[in-house]
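**Q** Those protein sequences? They're chains A and B, same order as listed.
If you count the first sequence from 1, you need to add 1 to reach this note's numbering.
If you count the second sequence from 1, you need to add 1 to reach this note's numbering.
Just so it is clear, CB atoms sit at the ideal spot from N, CA and C, and this is done for glycine as well.
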Amino acid sequence: HFPRDLKWQNSIITFRITNYTPDLEKEDVDQAVHNALNVWSKVTPLKFKKLREGDADIMISFGRKEHGDFNPFDGPEGLLAHAYPPGNGIGGDTHFDEDETWTKDSHAFNLFLVAAHEFGHALGMAHSSDPGALMYPVYSYSRGFPLSEDDIKGIQSLYGLNPDHRKVKPKPEAPNKCDPMLTIDAVTELRGETIIFKDSFYWRLHPQVVEPEQNLIKSTWPEIPGKVDAAYENPEKDVVIIFRGIKMWALNGYNVVEGYPKYIHKLGLPKSIRKIDAAVYIRDTGKTLLFTDEDYWSYNEQRGAMDSGYPRSIEVDFPGIGDEIDAAAYHYGYLYLYHDQVQFEYNYSAQKVIRIMRANSLLNC
Amino acid sequence: KPLPTEETDKRLLAEQYLKRYYGMQAGLQGKTKTSDVMHEKIREMQSFFRLEVTGQLDDNTLELMKKARCGVPDAAEYN
Chain A
2 HFPRDLKWQN
12 SIITFRITNY
22 TPDLEKEDVD
32 QAVHNALNVW
42 SKVTPLKFKK
52 LREGDADIMI
62 SFGRKEHGDF
72 NPFDGPEGLL
82 AHAYPPGNGI
92 GGDTHFDEDE
102 TWTKDSHAFN
112 LFLVAAHEFG
122 HALGMAHSSD
132 PGALMYPVYS
142 YSRGFPLSED
152 DIKGIQSLYG
162 LNPDHRKVKP
172 KPEAPNKCDP
182 MLTIDAVTEL
192 RGETIIFKDS
202 FYWRLHPQVV
212 EPEQNLIKST
222 WPEIPGKVDA
232 AYENPEKDVV
242 IIFRGIKMWA
252 LNGYNVVEGY
262 PKYIHKLGLP
272 KSIRKIDAAV
282 YIRDTGKTLL
292 FTDEDYWSYN
302 EQRGAMDSGY
312 PRSIEVDFPG
322 IGDEIDAAAY
332 HYGYLYLYHD
342 QVQFEYNYSA
352 QKVIRIMRAN
362 SLLNC
Chain B
2 KPLPTEETDK
12 RLLAEQYLKR
22 YYGMQAGLQG
32 KTKTSDVMHE
42 KIREMQSFFR
52 LEVTGQLDDN
62 TLELMKKARC
72 GVPDAAEYN
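#1: Drop a sphere of 10 angstroms on the beta-carbon of A/E26, count the other beta-carbons inside from all chains shown, and report buried for 16 or more, exposed for fewer.
#2: Alpha carbon to alpha carbon, how far is A/P132 from A/P171?
#3: If we call anything under 8 Å between Cβ atoms a contact, is A/E99 one with A/T22?
#4: What whole-angstrom Cβ distance do A/E101 and A/L114 have, given they're in contact under 8 Å?
#5: Starting from A/I315, trace the alpha helix (DSSP H) both ways and give me its first and last residue.
#6: Measuring straight from C-alpha to C-alpha, what distance separates A/S273 and A/D294?
#7: Which of the residues in the stretch 62-82 of chain A, read from start to end, lie with their CB under 8 Å from any CB of chain B?
#8: Any C-beta of chain A sitting closer than 8 Å to the C-beta of B/Y41?
#9: Within the 8 Å Cβ cut-off, does B/G72 reach chain A?
#10: Listing by chain order, which chain A residues have their CB less than 8 Å from the CB of B/E53?
#11: If we define contact as Cβ-Cβ less than 8 Å, is B/K68 a contact residue for chain A?
#12: Can you check the stretch 59-134 of chain A for any beta strand (DSSP E) of at least 3 residues that lies completely inside it and give the ranges in chain order?
#13: Give a yes or no on whether 8 Å exceeds the smallest Cβ distance from A/V139 to chain B.
#14: Do you know how far the Cα of A/G227 is from the Cα of A/F71?
#15: So, does the CB of B/D10 fall closer than 8 Å to a CB anywhere in chain A?
#16: Comparing C-alpha positions only, which one of A/V241, A/A187, A/E78 and A/W222 sits nearest to A/D327?
#17: Tell me whether A/G79 is buried or exposed, calling it buried when 16 or more other Cβ atoms sit within 10 Å of its Cβ.
#18: Specify whether the stretch 41-50 of chain B and the stretch 44-63 of chain A touch according to this definition: at least 3 beta carbon pairs, one from each stretch, less than 8 Å apart.
#19: State yes or no: is the C-beta of A/Q342 within less than 8 Å of the C-beta of A/R359?
#20: When the cut-off is 8 Å and only beta carbons count, does B/D75 lie next to chain A?
#21: Grouping DSSP H, G and I as helix and E and B as strand, with all else coil, what is A/V370?
#22: Hey, quick one: how far does the alpha helix (DSSP H) through B/N61 stretch, first residue to last?
#23: Alpha carbons only, please: which of A/G321, A/N365 and A/G269 is nearest the one belonging to A/Q352?
#24: Using Cβ-Cβ distances below 9 Å, what residues of the stretch 111-126 of chain A are close to chain B?
#25: Look at the alpha carbon of A/L47 and the alpha carbon of A/S12, and state the distance between them as a whole number of angstroms.
#26: Under 8 Å, Cβ to Cβ, is there at least one residue of chain B near A/A351?
#27: Kindly list, in the order they appear in chain B, the residues whose Cβ is closer than 8 Å to that of A/A37.
#28: Going along chain B, which residues have a C-beta under 7 Å from A/A84?
#29: How about A/E234 and A/L191: do their beta carbons lie closer than 8 Å?
#30: Quick check on A/V354: does DSSP put it in helix, strand or coil?
#31: Tell me whether the stretch 303-322 of chain A and the stretch 246-266 of chain A touch, counting them as touching only if at least three CB pairs, one residue from each stretch, are closer than 8 Å.
#32: Roughly how many angstroms separate the alpha carbons of A/V34 and A/D318, rounded to a whole number?
#33: Going straight from the alpha carbon of A/E28 to that of A/D106, what length do you get?
#34: Out of A/N20, A/F292 and A/E325, point me to the one whose CA is closest to A/Y311's CA.
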């Protein structure tokens, strides 16, 4: 919250759109504003009333550079919008930078998402340091209901609950990389960096940078699912394959390869397989190991077909690691197999567990 | 006037960012090296964004400063 927990004293708050951006149809702007206010009214007793003239609590406008409040915008990108906390006069007013490109999809800046964030300020919410929260100050694109538990807790401590608030499904909180109970969904290399997937987030770890960077999956790859089961990189083809359920996507750098998603059964897996737990490309053999429940399969990347003699038992062929894994990586003859909070360093040729570490030691914890 | 170097550009970007979002006052920065006030504000920003707190303008910190964001200050007393 802002200092002194600034808030509106009434539960009916008025708003007025004073001008429109030419980037979108007028109806689309109205819809974005309506939906953005709805986000907050879903979880509080607040109601919003549209005014067509006169002074409203929340005056909404688009402007560029100096636009009348001595708090100028800065041209394209950088600063997108700002809003004033509840109060008289300029309090609650919300301004969008007209030098940005406003959209209703994942391109450039989605007006609904920015408006929902700014209306959070107009209602008394300050910035959150949770990268999964709508009130996080950096723009990221996401689909679905945009409020996280952190946002909901914040707004409800100002205005109370909406009796129907159980209907909304908040976004998960961003996972804490050094949580000793952290488990990993998937791990892959991507052009020399390591990408670690967990819930709707991923960490990007550069070999020369100590601190991993955390982002929402959807904000980087809006086309792939918000949660990943398994992933691997084939550096020879310069692609990363992402698995979720019975579908897979191919990424070339940060772009999704055309023709995807495809069904995992195209790889030669039987239809009974509905999910891949982990995948890893073994550079020395040109084979990709696909782990499903207690078994694993070997896919020959060059032939584009499954090797015969599979599936084989994980427990039998990888003694010492148990019978299931969550994620896998391969570096210089060693397999790194993740299960629950544990990471096994496994000598692939000697078939021996060399070290057991915490899963998040990968994230320098 | 000499052309700005890459280092000067980074410092200018950081100064502008810290003034806007972390309430760093103008005129307190050293001409040639980063002042204590600026180090302190960088630390504040790094701590807010859960970056490694070094007080230095490392690549992660600069990359975050370049991202599109909301204009409301993060941690400053609201003015």
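**A** Let me lay it out:
#1: A/E26 counts as exposed, since fewer than 16 other beta carbons sit within 10 angstroms of its beta carbon.
#2: Between the alpha carbons of A/P132 and A/P171 lies a gap of roughly 14 Å.
#3: It is a contact, given that the beta carbons lie within the stated cut-off.
#4: Between A/E101 and A/L114 a beta carbon distance of about 12 Å is seen, past the 8 Å cut, so the two are scored as non-contacting.
#5: Per DSSP, A/I315 belongs to the alpha helix (DSSP H) from I315 to D318.
#6: Straight-line spacing of the CA atoms in A/S273 and A/D294 works out to 12 Å.
#7: Cβ contacts with chain B come from N72, F74, E78, G79, L80, L81 and A82.
#8: Correcting the residue identity first, residue 41 of chain B is Glu in this sequence and not Tyr. It does not; no Cβ of chain A falls within 8 Å.
#9: Against chain A, the CB of B/G72 has a partner CB under 8 Å away; the residue lies at that interface.
#10: By Cβ distance, chain A contributes V211 and E212.
#11: Yes, because at least one Cβ of chain A sits closer than 8 Å to the Cβ of B/K68.
#12: Qualifying beta strand (DSSP E) stretches, in chain order: 59-64, 80-84 and 95-98.
#13: Against chain B, the CB of A/V139 has a partner CB under 8 Å away; the residue lies at that interface.
#14: Here the alpha carbons of A/G227 and A/F71 stand approximately 40 Å from one another.
#15: Output row for B/D10: interface = no.
#16: The residue with the shortest Cα to Cα distance from A/D327 is A/A187.
#17: So A/G79 counts as buried.
#18: Because the criterion of three Cβ pairs below 8 Å is not met, the stretch 41-50 of chain B and the stretch 44-63 of chain A do not touch.
#19: Contact: yes.
#20: Chain A contact via Cβ: present.
#21: Nothing about residue 370 of chain A can be read from this structure; chain A reaches only from 2 to 366.
#22: Taken as a continuous stretch (DSSP letters only), the alpha helix (DSSP H) holding B/N61 covers D60 to K67.
#23: It is A/G321.
#24: Correct list: V115, H118, E119 and H122.
#25: Roughly 5 Å separates the two Cα atoms.
#26: For A/A351, the nearest beta carbon of chain B is not closer than 8 Å to its own beta carbon.
#27: Result: empty, since nearest Cβ-Cβ is about 13 Å, beyond 8 Å.
#28: What A/A84 touches in chain B: V73.
#29: Contact: yes.
#30: Here A/V354 sits in strand by DSSP.
#31: They do not touch, by the three-pair rule.
#32: Rounded to whole angstroms, the separation of the alpha carbons of A/D318 and A/V34 is 57 Å.
#33: The C-alpha of A/E28 lies about 15 Å from the C-alpha of A/D106.
#34: Out of A/N20, A/F292 and A/E325, A/F292 has the C-alpha closest to the C-alpha of A/Y311.
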